[in-house]
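These notes are about the structure you will find just below.
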């Protein structure tokens, strides 16, 4: 049983390290979004995705470790949590304490990552709205108003500016 708990602790430590790395990548992405540098944003997204893939693999290993612990303890492998393991380890503080520290640390990391992600999402939304506004402004500048043409025909249909929109979504 001790080796199963040690395996869980080492897996959680690795997962925590990866969450730190993901938070760092997300924080580094914020100035790139502000600078509207699409090339660097693509690179940042690629680095972030690599870390997310690693977290997914480690998370799978964590779940396997929890299932093994549940099997040994006669618990339901699908519902066991780290908090339950912590409770079960109350007579073994050498295992309980590191699990508590890791659980609390990872809870803070996930909350920090969530806040950074929300902030980056808001910045991306503002950037998208600004781009849309710029496109609309450029299109409206290319379309001048009709001229006031007061003659017998009273309307000649002559307009100034481009008759073809400069941004064609079908292309």
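In my numbering, the protein residues as written are 976 to 1146.
Think of the CB as a built atom: it goes at the ideal place given N, C-alpha and C, for glycine as much as any other residue.
- Here DSSP, grouped into helix, strand and coil, assigns residue 1071 to helix.
- Ranked by Cα distance from residue 1007, the options 1095, 1118, 1111 are led by 1095.
- DSSP places residue 1029 inside the alpha helix (DSSP H), whose first and last residues are 1013 to 1048.
- Taking the CA atoms as reference points, residue 1041 sits about 19 Å from residue 993.
- Taking C-beta atoms as the reference points, residue 1020 and residue 999 fail to come closer than 9 Å.
- Spanning the alpha carbons of residue 1028 and residue 1113 requires a straight line of approximately 41 Å.
- Burial state of residue 983 is buried, judged by a 10 Å Cβ sphere holding 16 or more other Cβ atoms.
- In the DSSP annotation of this structure, residue 1052 is not part of any alpha helix (DSSP H), being labelled neither H nor E.
- Listed in chain order, the beta strand (DSSP E) elements of length 3 or more contained wholly in the segment 1092 to 1121 are 1118 to 1121.
- Under a 10 Å Cβ-count criterion, residue 977 is classified as exposed, with fewer than 16 other Cβ atoms of the shown protein chains found around its own Cβ.
- For residue 1047, the CB contacts under 8 Å within the same chain, skipping 5 residues up- and downstream, are 976, 979 in chain order.
- DSSP, reduced to helix, strand and coil, places residue 1065 outside both helices and strands of the structure shown, so it counts as coil.
- In this structure, the straight-line span from the alpha carbon of residue 1109 to that of residue 1116 is close to 11 Å.
- Selection 1111, 1098, 1104 evaluated against residue 1001 yields 1098 as nearest (Cα-Cα).
- Residue burial is scored here from C-beta neighbours: residue 1023 has at least 16 other C-beta atoms within 10 angstroms and is therefore classed as buried.
- Around the beta carbon of residue 1010, fewer than 16 other beta carbons lie within 10 angstroms, which makes this residue exposed.
- One thing to note: residue 1036 has its Cβ no nearer than 9 Å to the Cβ of residue 1058.
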